[in-house]
Structures are given as C-alpha cells and as structure tokens.
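Under UniProt numbering, the final residue of the sequence shown carries the number 230; numbering is consecutive throughout. Where is the CB? At the ideal position from N, CA and C, for every residue including glycine.
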Amino acid sequence: MHFNRSHTVLFDLDGTIVRSRDGIVDSIHAVLRDLGHEPDLSIDLTWVVGPPLEELIAHILAHYGDDRVHEAMALYRRHYESEGMHKSPVFEHMRETIETLSAKGVRLFVATSKPRHLARRILHLRNLVQYFDGLSGARADDSGAEKPELIAAVLREHDIRREDALMIGDRRFDISGAHANHVRALGVLWGYGTREELTEAGADALVSQPSELLEAISQQFAAAEAHPHS
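Given below as structure tokens:
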C-alpha cells in the first residue's frame, strides 16, 4: 500500500468510525416520552444516523402529529450529551486503520453533521482525537450541518487539493457531499446506509469490512494519481 504526505482522508463519524445508532435512537425515544408520546418501537430508526438533526426530528415528530421541532431538538441535545453520546463504541479494526494512516503521514480529518463540540468529545472518549488534524462539524445549535459545506470548509481551511482528498462515509450525504466538491468518496457497508443507497449516490467504491479499508483507500489514491482529473 502506497501513501504519501499529500494524501488526505476525511472520515464521517457516526456509522463510519463509531457505532452510534443505539445512543441516538435511545435519545430520540427519551425525547418522545418527554413530549408525552409513547415511542412506536416497531419503527426502525436506523435511518436517523446521518441526516441533519432538525430534518430528522421534524420527520419523526410528524408521525406523532407533533410540530414542536425546536423544543424537541433542545431535549435531544440534553439526553444525547448526558447519556447517548457514551453509547458509541469504535467499530472493530477502525482504530488500527486510523493509527496506521496517521503513522504513514496521511492527513486525517472528520467531517460530520454532528455538532463539532460533541464530535470532539466522542473522539476524546474513544482516545482517537490525537490522530486527526482537524474536525468539521455543525454549530452548537445544529445549523451548518450540510455535508457539501462541511467538506468544503476542510479543504479550504487546510489548503487541501481536491485531487489529494478522499471522503469515507456510510450514507448518501457523505458521497454527494464529497462529489459536490469534486472529491472521491468511498462508501462503507458496516454503517447505517444500504449498498443500494451508496451505489445510487455514486460512491467511487464500496468497502464491506473495516479490515479492508486501508487497501481500498490506497487503491483510490492510486486511481486519482493515474487519472488526476477524473
């Protein structure tokens, strides 16, 4: 595998580095109870990992005929910061992958729709923060959570050439956000997006297991160097 110091990898956080579904869904259920609803546990909420918070909260509340979106967002933040955030173990082999890339001089960043301060706390909790050169996330009120803008901010603020960058994520937002910036994107299948979702979004390649990720990253950089304007 060939890496050099111009290579830059941007990681999504939820569903790519950490298994965060349970903490997020538990927090949403707690919000619904706070608002006087009995959560419908038959509804699969896996899809909620990835979209901006306001969008997903509005969608869920509509099912209960409720429009108290901003109140629900404030409740969610409280539940997630006190409990949900701690239910975010690192996917097997991801720590080793991140450590290896860092040791080889690859620049590493996180680009997440999660508020920046929460993403940083999770990286601290999991003893990963030291491997990353920067973190792009939403503002504390969950605004600024769109992936195209988050990725653009990393490229701009750290003077990264798009042909040297690669985005890695588990949802269509990661793929489309990268492509909006003319950056290659790897879709990972251990997270919360389906193979169909990632394929339809135009992922440059798909990776089935974290143990296969280093080789897939190397192949993408090799392809970018062979076809620099593709």
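Asked: Run of the alpha helix (DSSP H) containing residue 167, from where it starts to where it stops; Found: Counting along the chain, residue 167 falls outside any alpha helix (DSSP H), though it belongs to the beta strand (DSSP E) covering 165-169.
Asked: Where the beta strand (DSSP E) through residue 48 begins and ends; Found: Residue 48 -> no beta strand (DSSP E), and no H or E assigned at all.
Asked: Straight-line Cα distance separating residue 14 from residue 198; Found: 15 Å
Asked: Residue span of the beta strand (DSSP E) that contains residue 115, given as start and end; Found: 107-115
Asked: Those runs of the beta strand (DSSP E) which lie wholly inside the stretch 138-214 and span at least 3 residues; Found: 165-169, 184-188 and 205-207
Asked: CB-CB length for residue 123 against residue 136, believed under 8 Å; Found: Actually they do not touch by this definition, with Cβ atoms about 13 Å apart.
Asked: Proximity of residue 142 and residue 94 at Cβ, strictly below 8 Å; Found: no
Asked: In DSSP terms, what residue 135 is bridged to; Found: 110
Asked: Check: residue 194 C-beta below 7 Å from any heavy atom of the ligand NAP; Found: What this structure holds is no ligand at all, so the ligand NAP is not there to describe.
Asked: Residue 220 burial status per 10 Å Cβ neighbour count (16 or more: buried); Found: buried
Asked: Simplified DSSP state of residue 35, which is helix, strand or coil; Found: coil
Asked: 8 Å contact criterion, which residue 185 and residue 167 should meet: CB distance rounded; Found: 4 Å
Asked: Span of the beta strand (DSSP E), counted from its first residue to its last, around residue 10; Found: 8-11
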